[in-house]
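Going from the sequence shown to our numbering is simple: count from 1 and add 6.
The beta carbon of each residue, even a glycine, is placed where N, CA and C say it ideally should be.
All of these numbers come straight from a predicted model, not from anything done at the bench.
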Amino acid sequence: MSSQATPIPMSARRRGPLKGTAAVPGDKSISHRALIFGAMAVGETKITGLLEGEDVLDTARAMQALGASVTREGAGEWTVHGVGVGGFSEPETVIDCGNSGTGVRLIMGAVATHDFCTTFTGDGSLRKRPMARVTDPLALFGARAVGRSGGRLPLTLVGAADPVPVDYMTPVPSAQVKSAVLLAGLNAPGRTVVTEREPTRDHTERMLTGFGAEVVTETTPEGFHRITLIGRPELVPQEVAVPRDPSSAAFPVAAALIVGGSDILVPGVSQNPTRNGLYTTLVEMGADIAFENPREEGGEPVADLRVRASALRGIEVPPDRAASMIDEYPILSVIAACAEGTTVMRGVKELRVKESDRIDAMARGLEACGVAVEEEEDTLVVHGCGPDGVKGGAVCATRLDHRIAMSFLVLGMAAREQVSVDDGGPIATSFPTFEKLMTGLGADVSRDN
């Protein structure tokens with residue numbers, strides 16, 4: 007991982023228009039879940055289009071450590087021979103989830119209702135992230151977390167010997183917390199219920215249903231989102247086709263929008279309504295994006311995105327949209343810097359506990375590039391410089407955060423002066439082909455000597 011290896015400084019500078027097809031990697035969220043649910047099914051699950059970034063590979067290794075057989079058959083093609091619900095065995099080694107908050111929190115849920123101990127760790131970034139938001143609800147099943155203050159890694163999760171079902175209201179919008187509780191509920195008797203004040207990405211519910219679990223979603227009289235899972239099903243192995251990741255697609259899409267004369271195609275991108283907040287926002291800003299050939303792949307709606315350079319204007323992003331685009335605010339702030347007018351992003355305090363404090367990281371980097379910003383605990387405001395208005399000329403700190411690194415490199419493609427990042431190594435966690443894909447479109451992205 008980048009936190010343990012020599013940093014990889016990278017730079018991007020303006021060149022000509024971007025042209026061609028950007029085949030972005032498979033969806034990271036779905037890739038994690040495909041491996042975990044395949045490991046909890048009985049028999050062989052076949053996965054195509056799996057993201058082979060470091061985050062997902064760490065999850066594959068974790069499933070092997072828990073007793074499942076996980077085999078790479080070819081590029082993006084994997085098979086998982088599962089051990090069934092309740093069939094995991096105590097790992098003989100520490101589970102290292104690298105940089106992945108999704109991986110560690112979902113796996114914690116999966117093992118919380120097994121009668122053994124599992125020790126988790128991660129890289130320098132992951133060890134700073136709060137885990138109590140997951141270990142607290144898992145304690146309701148009977149699991150117990152032992153570790154550092156604040157519930158941070160490394161920690162040992164002592165699984166429940168006699169788990170009980172849980173009825174839980176999530177205190178913050180978080181698909182990771184929701185999914186951890188549902189995964190724990192798989193090996194608990196009876197009904198496990200998760201209620202959200204606002205819906206978050208629903209890949210877990212969709213995939214659980216596909217694997218044969220009984221899952222019911224409904225809206226309560228108060229307008230909340232309630233998911234009920236019947237515990238201890240026999241999950242049936244599946245053939246999972248992983249759609250392309252809308253969060254990864256955001257980077258070539260953003261670059262095409264802000265680099266004059268660009269025209270690219272991004273095929274097969276997930277259009278899951280719990281994940282497409284960025285694209286709704288971009289259209290409101292005046293983005294020229296055509297959603298072509300809509301279809302369904304692997305139980306998820308997808309479309310091909312035709313993206314052309316656009317004259318963009320700042321807007322106020324509704325705070326209730328945050329859950330559907332929480333990972334995309336860093337790259338949205340770059341787009342906002344190249345738009346006319348001011349973009350206001352409220353309801354984004356969750357960004358402060360991601361791989362880094364993403365509000366602070368983006369604010370400091372944008373300021374270094376000559377962009378005026380304002381920030382509060384729950385708000386980021388970017389005053390756009392207009393097309394050709396961002397000065398650039400800075401070295402931006404990535405803070406071991408893949409999305410921060412890619413966002414500033416995209417900014418460098420449109421700024422008047424080169425933009426550099428101190429470490430592009432974390433990009434490999436989610437988008438290992440980023441540099442090759444962007445240069446293939448005509449961008450000038452390189453590793454510094």
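Inset, instruction - Please name the residue in Ile270, Leu214 and Val313 whose C-alpha comes closest to that of Ile36. - result: Taking Ile36 as reference, the option from Ile270, Leu214 and Val313 with the minimal CA-CA separation is Leu214.
Legend entry - His38, DSSP secondary structure in three states: helix
Legend entry - Three or more C-beta pairs below 8 Å linking the segment 83-97 and the segment 38-53: yes
Inset, instruction - Can you say whether Ser362 is buried or exposed, counting buried as having 16 or more other CB atoms within 10 angstroms of its CB? - result: Ser362 counts as buried, since at least 16 other C-beta atoms from the protein chains shown sit within 10 angstroms of its C-beta.
Legend entry - Glu383 to Gln244 span [Cα, whole Å]: Whole-angstrom Cα-Cα distance: 43 Å.
Legend entry - Under the three-state DSSP convention, the category Val396 falls into: coil
Legend entry - Sheet register partners of Thr51 (DSSP bridge): DSSP, once it has assigned bridges, lists Val86 as partnering Thr51.
Legend entry - C-alpha distance - Gly320 paired with Thr108, whole-angstrom precision: 31 Å
Legend entry - Extent of the continuous beta strand (DSSP E) to which Phe414 belongs: No beta strand (DSSP E) holds Phe414; the alpha helix (DSSP H) holding it covers His408 to Gly418.
Inset, instruction - Enumerate, from N- to C-terminal direction, the unbroken alpha helix (DSSP H) stretches of 4 or more residues contained entirely within the segment 186-243. - result: 209-216
Legend entry - Which residues DSSP lists as bridging Thr162, in chain order: According to DSSP, Thr162 shares a beta bridge with Thr125 and Val152.
Inset, instruction - State the DSSP-derived secondary structure class of Thr119, mapped to helix, strand or coil. - result: Three-state result, Thr119: coil.
Inset, instruction - Please list the segments of the beta strand (DSSP E) lying wholly inside the segment 312-367, counting only runs of 3 or more residues, in order along the chain. - result: 348-352
Legend entry - Alpha-carbon spacing of Ala449 relative to Ala149, whole angstroms: Here the alpha carbons of Ala149 and Ala449 stand approximately 49 Å from one another.
Inset, instruction - Assign Met175 to buried or exposed, taking buried as 16 or more other Cβ atoms, counted over all protein chains shown, within 10 Å of its Cβ. - result: Burial call: exposed.
Legend entry - Under 7 Å between C-beta atoms of Cys123 and Thr162: yes
Legend entry - As assigned by DSSP and simplified to three states, the class of Asp61: helix
Inset, instruction - Rounded to whole angstroms, what's the CA-CA distance from Glu441 to Glu98? Just pull it up for me. - result: 37 Å
Legend entry - Residue range of the unbroken alpha helix (DSSP H) whose run includes Thr286: Segment Gly283 to Glu290, the alpha helix (DSSP H) holding Thr286.
Legend entry - Check whether Asn193 and Val259 have beta carbons under 7 Å apart: no
Legend entry - Cβ pair Pro239, Ala219 closer than 7 Å: yes
Legend entry - Beta-carbon proximity check, Leu24 vs Ser268, cutoff 7 Å: yes
Legend entry - Neighbourhood of Glu373 by C-beta, 8 Å cutoff - its chain only, sequence neighbours within 5 removed: Val379
Inset, instruction - Look at the alpha carbon of Ala40 and the alpha carbon of Arg207, and state the distance between them as a whole number of angstroms. - result: 15 Å
Inset, instruction - Please go through the same chain and pick out, in chain order, the residues whose beta-carbon is closer than 7 Å to the beta-carbon of Glu423, but skip the five residues on each side of it. - result: Excluding sequence positions up to five before and after Glu423, its CB lies within less than 7 Å of the CB of Lys397, Gly398 and Gly399, all in the same chain and listed in chain order.
Legend entry - As assigned by DSSP and simplified to three states, the class of Ile270: strand
Legend entry - Sub-7 Å separation of Thr342 and Gly283 beta-carbons: Thr is not the amino acid found at residue 342; the sequence shown has Ala there. No.
Legend entry - Where Phe257 falls: helix, strand or coil (DSSP): helix
Inset, instruction - Report the residue from Ala369, Ala345 and Gly237 whose alpha carbon sits nearest the alpha carbon of Phe147. - result: Gly237
Legend entry - contact_flag[the segment 328-335, the segment 343-361] where n(CB pairs < 8 Å) is 3 or more: yes
Inset, instruction - Go through its chain and collect everything with a Cβ distance to Asp310's Cβ below 8 Å, but skip five positions before and after it. - result: Correct list, in chain order: Leu271, Val272, Pro273, Gly274, Val275, Phe297, Glu298 and Asn299.
Inset, instruction - Determine the extent of the alpha helix (DSSP H) in which Pro300 is found, giving its start and end residues. - result: Run containing Pro300: none in the alpha helix (DSSP H); it sits in the beta strand (DSSP E), Asp294 to Glu303.
Inset, instruction - Mind checking which residues open and close the beta strand (DSSP E) that includes Thr27? - result: Lys25 to Thr27
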